[in-house]
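Enquirer:
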Amino acid sequence: MEGKEVQMNKLVLPGDILRASEAIEMIPEVDLGPPIEVPPIPPEADPKNIPEEERKFLKSGIRSRKKEIGALVLAHNYEPPDVQDEADFIGDSIHLAKIGRDSKKKVIVEAAVLFMPEMLAVMKQPDQIILTPSRKALCSLAAHADVNKILAWKHEHPKGKVISYVNTYLDVKAETDICCASTNAAKVIQYMAERHPDSPLLFLPDVFLGYFAMTVLKKMGRSTDNLWLMMGACHVHEKITAHHVMRRMALHPDAAVTAHPECGCVSKCSMLLDQGLVSEEMMQLRSTWGMLEFVKKTPAKKIIVATTVTNIYPMQKAAPDKEFIPANPEARCAFMEQNTLRNLYESLRDMKHEITVDPELAERAKIPIERMLAIQ
Ligand code: 13P
Ligand code: SF4
Numbered sequence: 061m062e063g064k065e066v067q068m069n070k071l072v073l074p075g076d077i078l079r080a081s082e083a084i085e086m087i088p089e090v091d092l093g094p095p096i097e098v099p100p101i102p103p104e105a106d107p108k109n110i111p112e113e114e115r116k117f118l119k120s121g122i123r124s125r126k127k128e129i130g131a132l133v134l135a136h137n138y139e140p141p142d143v144q145d146e147a148d149f150i151g152d153s154i155h156l157a158k159i160g161r162d163s164k165k166k167v168i169v170e171a172a173v174l175f176m177p178e179m180l181a182v183m184k185q186p187d188q189i190i191l192t193p194s195r196k197a198l199c200s201l202a203a204h205a206d207v208n209k210i211l212a213w214k215h216e217h218p219k220g221k222v223i224s225y226v227n228t229y230l231d232v233k234a235e236t237d238i239c240c241a242s243t244n245a246a247k248v249i250q251y252m253a254e255r256h257p258d259s260p261l262l263f264l265p266d267v268f269l270g271y272f273a274m275t276v277l278k279k280m281g282r283s284t285d286n287l288w289l290m291m292g293a294c295h296v297h298e299k300i301t302a303h304h305v306m307r308r309m310a311l312h313p314d315a316a317v318t319a320h321p322e323c324g325c326v327s328k329c330s331m332l333l334d335q336g337l338v339s340e341e342m343m344q345l346r347s348t349w350g351m352l353e354f355v356k357k358t359p360a361k362k363i364i365v366a367t368t369v370t371n372i373y374p375m376q377k378a379a380p381d382k383e384f385i386p387a388n389p390e391a392r393c394a395f396m397e398q399n400t401l402r403n404l405y406e407s408l409r410d411m412k413h414e415i416t417v418d419p420e421l422a423e424r425a426k427i428p429i430e431r432m433l434a435i436q
């Protein structure tokens, strides 16, 4: 009781590092809102707001310029529909990182948020050029990770190992032992716990994914006492709460549920699954790409989607006969939607905006990125 009072009196700030159990308890107390300004969503993110003539011009311009300069276009599943349609590949962060890494094209344009093309810039061949359509495409979750707090934790825990979520920038990745993405988070946590059974583990920057990390350790029969989490979150996903999901489940009892593990509903969904109250056929916590696989496989005809509403576009394409219900219809990532058909065209036309990285940071960050990509 005394410990709890001490904890409740402690001022915990976003980006602080706490023992996992304390971090989970402190979620309601900490402002997990965006630590950077969120730009407005450009009207042209919606295809209806671009005159049809211009859309045709931009689409054909993108196709011919791609051929002319030998470019590959990659787009994340959260990108506006028009951008996804013009991409050579769409996918989640890890999927796109692998495609980009293995591509021999001279120019790679990645329509996503900065940490993704930044990874390609780290792994590229010397003569390749990595472009992003918009420099405003950042990430509130990545902005929560404060490298000085990580350095302080490492100083206090010389045997500690750092697991960074892929939504981080190179300064943080350079201080990381291994990265993970939502696709392989469980496997990476398991791998690190088995390889370093006596080391404190720091998982960052997402406290909700941190909860997921705790459940992985518990399922392995391991103590979570040596797990540390950072108080960070995505401003879009933390607003997709258990209430949103439970309300939709009550309204649509025949619907399956798929949720991204960055969501505020992650503890509730994990609890429903762990207690066998919902089957894996009807509920899964998956990456943005894993969700597409799930919607094809589940026998349910209706699916409640707990992530950004833009991810419903590729889902609808993957399973055209199914109905998709957003858990929170307001969930949109304004950062991802900074990339539009217009600036994708301009990016290819003018070879902008090139992503360059500090060579010393890149060399150090490449190690945890490659370790992540080696774990399927
Ligand atoms: P994925 O790795 O699932 O693509 O997630 C990245 C992301 O930013 C989700 O908000
Ligand atoms: Fe970052 Fe959240 Fe946008 Fe994903 S949805 S890119 S975590 S701000």
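For the sequence shown, the numbering used here gives the first residue as 61, with consecutive numbering after it. Every residue, glycine too, gets a C-beta built ideally from N, C-alpha and C.
Take M183 and list the residues in its own chain whose beta-carbon comes closer than 6 Å to its own, dropping the five residues that flank it on each side.
Expert: Sequence-distant partners of M183 (beyond 5 residues in either direction) whose C-beta falls short of 6 Å from its own C-beta, in its chain, are R161.
Enquirer: Which residue marks the beginning of the beta strand (DSSP E) containing G151, and which one marks its end?
Expert: F149 to G151
Enquirer: Going by the DSSP bridge assignment, what does S224 pair with across the sheet?
Expert: BP columns for S224 point to C239 and L264.
Enquirer: Could you give the distance in angstroms between the alpha-carbon of T416 and the alpha-carbon of A360?
Expert: If I take the Cα positions, the gap works out to 45 Å.
Enquirer: Counting only C-beta atoms, is I249 closer than 7 Å to chain D at any point?
Expert: Considering every chain present, this structure includes no chain D. It has just one protein chain.
Enquirer: Can you determine whether any heavy atom of the ligand 13P sits closer than 6 Å to the C-beta of D285, and answer yes or no?
Expert: no
Enquirer: How many Å lie between F149 and L230 at the Cα?
Expert: It is roughly 24 Å from the alpha-carbon of F149 to the alpha-carbon of L230.
Enquirer: Report the residue ranges of all beta strand (DSSP E) runs contained in full by the stretch 119–178; include only those spanning at least 3 residues, in chain order.
Expert: 131–136, 149–151 and 167–171
Enquirer: Among all the DSSP beta bridges, which residues are the ones paired with F345?
Expert: Sequence check: residue 345 is Leu here, not Phe. In DSSP, L345 forms a bridge with A319.
Enquirer: Drop a sphere of 10 angstroms on the beta-carbon of Q508, count the other beta-carbons inside from all chains shown, and report buried for 16 or more, exposed for fewer.
Expert: Beyond the ends of the chain as shown, which are 61 and 436, falls residue 508; an answer cannot be given.
Enquirer: Using the beta-carbon count (16 or more within 10 Å), is K377 buried or exposed?
Expert: exposed
Enquirer: Check L3 in the structure and name its three-state DSSP category.
Expert: With the chain covering only 61 through 436, there is no way to say anything about residue 3.
Enquirer: Mind checking whether the beta-carbon of S242 lies closer than 6 Å to any heavy atom of the ligand 13P?
Expert: yes
Enquirer: Indicate whether the contact test is met: 3 or more Cβ pairs, each with one atom in the stretch 210–226 and one in the stretch 309–319, closer than 8 Å.
Expert: no
Enquirer: Distance check for G220 and K214, CA to CA, integer angstroms please.
Expert: 6 Å
Enquirer: Taking three-plus beta-carbon pairs below 8 Å as touching, is the stretch 383–399 in contact with the stretch 362–371?
Expert: Between the stretch 383–399 and the stretch 362–371, the count of Cβ pairs shorter than 8 Å is three or higher; the stretches touch.
Enquirer: With a threshold of 6 Å (Cβ to nearest heavy atom), would S124 be considered close to the ligand ZN?
Expert: The ligand ZN is not part of this structure, which contains only the ligand 13P and the ligand SF4.
Enquirer: Taking the alpha carbon of I154 as the point to measure from, which residue in A379, K70 and A245 has its own alpha carbon closest?
Expert: Relative to I154, the option among A379, K70 and A245 whose CA is nearest is A245.
Enquirer: Output the residue ranges of the alpha helix (DSSP H) runs that lie fully inside the stretch 324–386 and measure 4 residues or longer, sorted by chain position.
Expert: 326–334, 348–357 and 372–378
Enquirer: If you drop the 5 nearest sequence neighbours on each side, which residues of the same chain put their C-beta closer than 7 Å to that of A238?
Expert: First, the residue type needs correcting, since residue 238 is Ile and not Ala in the sequence shown. Contacts found: I223, V248, M252, P428, R431 and M432.
Enquirer: Measuring only the C-alpha atoms, how far is F384 from L352?
Expert: 12 Å
Enquirer: Should A181 and I190 be called a contact, given that it needs their Cβ atoms to be closer than 7 Å?
Expert: yes
Enquirer: In this structure, how does DSSP classify I415 when only helix, strand and coil are distinguished?
Expert: coil
Enquirer: Can you tell me whether E139 is buried or exposed, with buried defined as 16 or more other CB within 10 angstroms of its CB?
Expert: Burial state of E139 is buried, judged by a 10 Å Cβ sphere holding 16 or more other Cβ atoms.
Enquirer: Which residues does DSSP pair with L289 in a beta bridge?
Expert: L78 and F263
Enquirer: For my contact list, I300 and C323 are in at a C-beta cut-off of 8 Å; report their separation, rounded to the angstrom.
Expert: That pair is a contact at about 4 Å.
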